[in-house]
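K.L.:
Protein chains in written order, with my numbering: chain R, 1 to 551; chain C, 1 to 368.
(1) Terminal residues of the continuous alpha helix (DSSP H) containing residue 517/R?
(2) Just to confirm my understanding: we take residue 313/R, look at its own chain, exclude 5 residues before and 5 after, and list those with CB closer than 8 Å. What are they?
(3) In angstroms with no decimal places, state the Cα-to-Cα distance between residue 102/R and residue 102/C.
(4) Please confirm if the stretch 138–158 of chain R is in contact with the stretch 112–125 of chain R, defined as three or more CB-CB distances below 8 Å between the two stretches.
(5) Return the CA-CA distance between residue 104/R and residue 96/R, expressed in angstroms with no decimal places.
(6) When we look at the beta-carbon of residue 367/C and count the other beta-carbons within 10 Å, is it buried (16 or more) or exposed?
(7) Taking only runs that begin and end inside the stretch 242–324 of chain R, name each unbroken beta strand (DSSP E) of 3 or more residues, in chain order.
(8) Leaving out the 5 sequence neighbours to the left and right, which residues in its chain are closer than 6 Å to residue 67/C when beta-carbon positions are compared?
(9) Using a 10 Å radius around the Cβ and a threshold of 16 neighbouring Cβ atoms, would you call residue 244/C buried or exposed?
(10) Is residue 356/C close to chain R? Criterion is C-beta to C-beta, closer than 8 Å.
(11) Between residue 50/R and residue 66/R, is the Cβ-Cβ spacing less than 8 Å?
(12) Determine, for residue 195/C, whether the minimum Cβ-Cβ distance to residues of chain R falls below 8 Å.
(13) Could you tell me which chain R residues have their CB closer than 9 Å to the CB of residue 126/C, listed as they occur along the chain?
(14) Can you name the residues of chain R whose CB is closer than 7 Å to the CB of residue 249/C?
(15) Does the CB of residue 549/R have a neighbour CB from chain C at under 8 Å?
(16) Give a yes or no on whether 8 Å exceeds the smallest Cβ distance from residue 254/R to chain C.
(17) In the DSSP assignment, what are the bridge partners of residue 268/C?
(18) Sorted by chain position, which residues of the same chain lie with C-beta nearer than 7 Å to residue 306/C's C-beta, five sequence neighbours on each side aside?
(19) Could you give the DSSP three-state label for residue 124/R: helix, strand or coil?
(20) Using a Cβ-Cβ cut-off of less than 7 Å, give me the residues of the stretch 86–103 of chain R that come near chain C, in sequence order.
(21) Along the chain, where does the alpha helix (DSSP H) that runs through residue 211/R open and close?
(22) Counting only the same chain and skipping the five closest in sequence on each side, list residues whose C-beta sits under 7 Å from that of residue 328/C.
(23) In chain C, which residues lie with their C-beta within 8 Å of the C-beta of residue 367/R?
(24) Check whether the stretch 134–142 of chain R touches the stretch 339–347 of chain R, taking contact to mean three or more Cβ pairs, one atom from each stretch, closer than 8 Å.
(25) Using a cut-off of 9 Å between C-beta atoms, extract the partners of residue 303/C located in chain R.
(26) Grab me the residues of residue 112/C's own chain with a C-beta within less than 6 Å of its C-beta, minus the 5 sequence neighbours each way, in chain order.
(27) Mapping DSSP to helix, strand and coil, what is residue 330/R?
(28) Would the stretch 69–88 of chain R count as touching the stretch 40–55 of chain R if we require 3 or more Cβ pairs under 8 Å?
(29) Please confirm if the stretch 203–214 of chain R is in contact with the stretch 159–166 of chain R, defined as three or more CB-CB distances below 8 Å between the two stretches.
(30) Consult DSSP for residue 331/C and reduce its assignment to one of helix, strand or coil.
(31) Please report how far the alpha carbon of residue 231/R lies from the alpha carbon of residue 225/R, in whole angstroms.
(32) Starting from residue 99/C, follow the alpha helix (DSSP H) in both directions and report where the run begins and ends.
(33) Which class does residue 366/R belong to by DSSP, given the choice of helix, strand or coil?
(34) Would you tell me roughly how many angstroms separate the C-alpha atoms of residue 26/C and residue 472/R, rounded to the nearest one?
(35) From the beta carbon of residue 212/R, is the nearest beta carbon of chain C less than 8 Å away?
(36) Against chain C, with Cβ distances strictly below 8 Å, would residue 153/R count as a contact?
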């Protein structure tokens with residue numbers, strides 16, 4: 001752009017690389033990459049940065065942690081456990097906590113970062129879902145994201161199992177029970193995972209195995225997926241919220257260098273800083289209080305980390321009567337299999353299939369770079385809220401003992417409540433959310449059709465008062481008009497009675513019925529006398545002039 | 001780059017339709033002026049985006065620099081504490097010093113990171129003069145010609161390689177690949193032993209067999225933790241529950257694995273409420289019964305006992321068993337009762353006369 005010369009310290013390495021890699025082509029293409037702005041776009045960044053914090057703190061912890069089930073006698077500086085027999089894993093975790101300076105801090109930051117990682121992924125996924133940002137061409141990143149969340153659950157489970165304290169052993173015991181319930185191969189899965197019987201197997205292999213999965217295999221896979229996720233996002237360009245200057249043809253915002261780079265750098269520092277604050281002042285997983293793992297002992301109020309709570313809740317609310325069958329000498333334990341597989345199967349399987357189901361039902365296979373406002377897709381938003389409610393009920397059920405204790409209700413009553421709630425509340429959530437969305441659409445239609453109240457009262461010649469309505473502000477109108485009204489479907493048969501290709505056969509009928517069910521109550525929002533479209537530059541006040549309405 | 005530098009910071013989405021303001025009602029004056037002057041030259045509001053007022057910028061620069069200095073001070077404090085103070089009197093040692101060091105190290109680290117973050121944020125918002133720009137979005141898909149050309153090249157390559165017209169080559173290649181793909185799976189065989197009958201018996205069986213070989217009636221119960229044998233007279237108050245193990249389990253080859261299966265709860269049920277299971281009328285000693293502690297749901301220790309209702313409760317998923325009635329399930333996700341251990345008395349000590357009659361713990365496919 002100008003003749004300004006880069007300082008030698010920059011130009012030198014750049015030219016060195018460029019001579020060998022042609023890298024300046026890439027830099028030039030991307031240095032001003034535009035990133036559209038919206039507060040909700042930072043949720044995924046939190047996940048990315050807590051992952052980096054996890055890698056940093058985790059590496060620190062590996063320097064002292066011994067992944068070993070060898071029995072040792074504690075002789076460290078925590079006096080209450082002196083002389084107690086424990087595994088070397090627990091011993092070294094205590095050593096990190098009490099004898100390595102900064103060890104407790106790194107342990108606590110690591111645990112908090114894991115919790116934040118999973119929370120921010122979930123929040124990010126909800127944002128993506130409710131704004132329709134997963135739509136073509138971004139389905140692949142949606143699938144990658146869901147898989148990262150699932151891997152994060154496993155990674156977390158294995159991670160908090162490593163210190164071999166009483167609580168972590170309980171999690172593994174449940175893992176064993178669930179593994180055993182798998183039909184046909186369950187006992188083999190159990191034996192092969194634990195290297196023999198719970199907990200130590202024949203050679204104390206369990207913790208070394210979990211360790212290699214936790215520090216190498218799963219983080220390696222997640223790192224690969226994160227890289228793919230970022231590269232795809234970079235290549236496809238970020239979606240934008242509907243507003244002026246944003247469209248399927250262009251993206252508007254601040255350039256990557258220097259603005260976005262500095263902002264996101266600051267964001268990393270904020271994330272790390274908040275995690276350090278939590279690590280310093282909020283105690284988490286005080287393993288020294290739980291004591292070493294003892295297969296015969298347990299503490300009441302055992303709670304896993306939050307992201308496992310949904311499985312815990314499903315296991316708790318499942319009735320045991322009539323759900324275990326013995327068929328031809330073989331036991332099928334539906335009281336374990338159903339809660340372990342079905343709820344998360346519905347949530348994750350449904351989430352993975354959703355973009356493709358939606359495409360099939362709506363027939364919309366276009367590229368979408370502008371996000372939907374949740375109200376403009378009432379069925380999607382309703383289903384999303386039903387899923388949130390379903391997940392939330394299961395998650396709360398995982399803490400029913402704590403709830404019963406805090407609210408002084410009978411434990412069994414909470415279980416019965418959740419058994420019904422898990423079916424009823426999601427349906428209610430769907431209905432209520434859809435009504436909300438349609439109500440908001442109606443309000444939007446009103447703003448476009450009649451304008452907004454100006455706060456100016458006008459007296460008519462006959463003495464009647466009315467409030468003046470003015471057209472909405474341009475930015476609001478663009479936002480509201482970003483809604484795509486439901487288009488009437490092509491008739492099922494043409495003039496000669498030949499069925500339309502998309503409506504042929506039972507699947508075609510189903511598709512067409514689903515589409516009608518999803519769009520029949522759509523509230524069209526359009527300006528009169530002007531073609532609507534988003535991203536165009538509308539002149540304020542064009543089309544619908546100010547109107548006066550009597551009240 | 002085809003960036004036609006456009007509007008200034010007037011239309012950041014977050015600034016519009018903000019909370020508390022009815023859509024479209026008269027907006028704050030500032031926003032008004034921004035709307036009116038849509039083209040260019042609007043003053044920097046969200047920081048980046050235009051000419052700076054040099055005085056305000058100087059001020060902002062000083063604020064940012066202050067934060068950076070604070071971050072510097074906090075990082076220095078972090079290092080100074082670590083080197084100079086955390087290691088005093090020969091190292092950290094113990095919970096108090098660990099907590100103290102955690103507060104200092106964590107506090108200074110957090111302060112340094114957050115001060116730096118705040119500084120950079122103010123820098124971006126108050127001092128950077130970049131303007132929002134517009135870039136084009138493109139179809140992801142390649143052009144039809146590219147697709148067609150690639151298809152042609154792909155087919156040509158396949159043709160040239162001969163794989164399409166030489167089926168013997170193709171099929172033997174697939175044949176060779178299949179077992180090679182299985183090989184790594186075969187290698188995983190030694191991950192663990194086969195289940196065999198491991199899940200069907202516990203250390204109680206071994207111990208009873210050994211005791212009977214020595215001419216005794218059964219194996220003594222020892223209290224978990226102390227490993228002291230238990231006399232009938234030691235456990236005669238109704239309502240009590242303790243955890244017991246077979247004598248000698250600590251000396252077994254893998255005590256943790258054996259304890260994980262053999263751990264048993266002993267409950268003294270009041271005689272008038274006790275309903276022995278048919279066929280197990282002599283498995284208790286004056287109302288003292290023994291059940292496996294391993295929950296039949298997914299294997300947590302069912303460790304809670306409610307004296308008034310005689311319910312055994314598993315704290316993991318709240319399976320509830322009735323101690324007076326053969327530990328049958330009264331609530332929760334478990335399906336089967338806790339297995340019962342046959343008890344008797346020998347020389348005044350409580351003994352077990354046999355293993356559990358069925359596999360303990362969670363259900364599994366081969367259980368039957």
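A virtual CB, placed ideally from N, CA and C, is assigned to each residue, including glycine. Since this is a predicted model, take the numbers as computed values, not measurements.
P.N.:
On the basis of the data shown:
(1) Residue mapping note: residue 517/R aligns to position 517 of the first chain, counting from 1. Annotation: the continuous alpha helix (DSSP H) that includes residue 517/R extends over 505–519.
(2) Within the first chain, numbered from 1, the residue matching residue 313/R stands at position 313. Within the same chain, residue 313/R has close Cβ partners 393, 394, 395, 396, 397, 398, 399, 400, 418.
(3) Looking up residue 102/R in the first chain gives position 102. Looking up residue 102/C in the second chain gives position 102. C-alpha separation (whole angstroms): 6 Å.
(4) By the criterion of at least three beta-carbon pairs nearer than 8 Å, the stretch 138–158 of chain R is in contact with the stretch 112–125 of chain R.
(5) Here residue 104/R refers to the residue found at position 104 when the first chain is read from its first residue. Here residue 96/R refers to the residue found at position 96 when the first chain is read from its first residue. Going from the Cα of residue 104/R to the Cα of residue 96/R covers about 7 Å.
(6) Taking the first residue of the second chain as position 1, residue 367/C is located at position 367. Residue 367/C should be labelled buried.
(7) Annotation: the stretch 242–324 of chain R contains the following complete segments of the beta strand (DSSP E) (minimum length 3 residues), in chain order: 250–255.
(8) Locating residue 67/C in the second chain gives position 67, counting from the first residue. Answer for residue 67/C: 115, 118, 119, listed in chain order.
(9) The residue labelled residue 244/C in the question sits at position 244 within the second chain. By the 10 Å Cβ count, residue 244/C comes out buried.
(10) Reading the second chain from its first residue, position 356 is the one you call residue 356/C. For residue 356/C, the answer is no, since every Cβ of chain R falls outside 8 Å of its Cβ.
(11) Numbered from its first residue, the first chain carries residue 50/R at position 50. Numbered from its first residue, the first chain carries residue 66/R at position 66. Result no, Cβ atoms of residue 50/R and residue 66/R do not sit closer than 8 Å.
(12) Indexing the second chain from 1 puts residue 195/C at position 195. Yes, contact with chain R.
(13) As a first step, residue 126/C must be located in the second chain, where it is residue number 126. Result: empty, since nearest Cβ-Cβ is about 12 Å, beyond 9 Å.
(14) Residue 249/C sits at position 249 when you count from the first residue of the second chain. Per Cβ cutoff of 7 Å: no residues; residue 249/C is ~10 Å from chain R at best.
(15) By 1-based counting over the first chain, the position of residue 549/R is 549. Low confidence applies to residue 549/R: its pLDDT is 41, below 50, so where it sits in the model is not reliable, and the reading given next is rough at best. Among the residues facing chain C, residue 549/R is not included, as its CB has no counterpart in that chain under 8 Å away.
(16) Position 254 of the first chain, counting from 1, holds the residue named residue 254/R. The Cβ of residue 254/R sits closer than 8 Å to at least one Cβ of chain C.
(17) To locate residue 268/C, count along the second chain from 1; it is residue 268. Under DSSP, the beta-bridge partners assigned to residue 268/C are 288/C.
(18) Working through the second chain from its first residue, we reach residue 306/C at position 306. Counting only Cβ-Cβ distances below 7 Å, and skipping sequence neighbours, we find 313.
(19) Sequence index remark: in the first chain, residue 124/R carries index 124 (1-based). In this structure, residue 124/R counts as helix in the three-state DSSP scheme.
(20) So the close ones are 97, 98, 99, 101, 102.
(21) In the first chain, counting from the first residue as 1, residue 211/R sits at position 211. According to the DSSP assignment, residue 211/R belongs to the alpha helix (DSSP H) that extends over 206–212.
(22) Start at 1 with the first residue of the second chain, and residue 328/C comes out as number 328. Within the same chain, Cβ atoms closer than 7 Å to the Cβ of residue 328/C are found at 321, 322, 337, the five residues on either side in sequence being excluded.
(23) To locate residue 367/R, count along the first chain from 1; it is residue 367. For the C-beta of residue 367/R, the chain C residues within less than 8 Å are, from N- to C-terminus, 139, 140.
(24) Segment contact: the stretch 134–142 of chain R against the stretch 339–347 of chain R, fewer than three CB-CB distances shorter than 8 Å; contact not assigned.
(25) Translated into positions along the second chain, residue 303/C becomes position 303. For residue 303/C, the C-beta contacts it makes with chain R under 9 Å involve 296, 297, 298, 299, 300, in order along the chain.
(26) Working through the second chain from its first residue, we reach residue 112/C at position 112. Shown here for residue 112/C: same chain residues with a beta carbon closer than 6 Å to its own, the five before and five after excluded, namely 71, 74, 75 in chain order.
(27) For this step, residue 330/R is matched to residue 330 along the first chain. Looking at residue 330/R - three-state DSSP - the assignment turns out to be strand.
(28) Proximity of the stretch 69–88 of chain R to the stretch 40–55 of chain R falls short of the contact definition, fewer than three beta-carbon pairs being nearer than 8 Å.
(29) Judged by Cβ distances under 8 Å, the stretch 203–214 of chain R makes contact with the stretch 159–166 of chain R, as three or more pairs qualify.
(30) Position 331 of the second chain holds residue 331/C. The DSSP-derived three-state label of residue 331/C is strand.
(31) Within the first chain, residue 231/R is the residue found at index 231, counting from 1. Within the first chain, residue 225/R is the residue found at index 225, counting from 1. Between residue 231/R and residue 225/R, the C-alpha separation is close to 10 Å.
(32) Working through the second chain from its first residue, we reach residue 99/C at position 99. Boundaries of the alpha helix (DSSP H) harbouring residue 99/C: 94–127, taken from the DSSP string.
(33) Numbered from 1 along the first chain, position 366 holds the residue referred to as residue 366/R. In the displayed model, residue 366/R falls within coil according to three-state DSSP, outside both helix and strand.
(34) Your numbering for residue 26/C matches position 26 in the second chain. Your numbering for residue 472/R matches position 472 in the first chain. Because residue 26/C sits at a pLDDT of 47, beneath the cut-off of 50, its placement in the model cannot be relied upon, and the following sentence gives the value as read from the coordinates. Distance from the CA atom of residue 26/C to the CA atom of residue 472/R, rounded to whole angstroms, is 10 Å.
(35) Residue numbering aside, residue 212/R sits at position 212 when the first chain is read from its first letter. So no, residue 212/R is outside the interface.
(36) Indexing the first chain from 1 puts residue 153/R at position 153. Output row for residue 153/R: interface = no.
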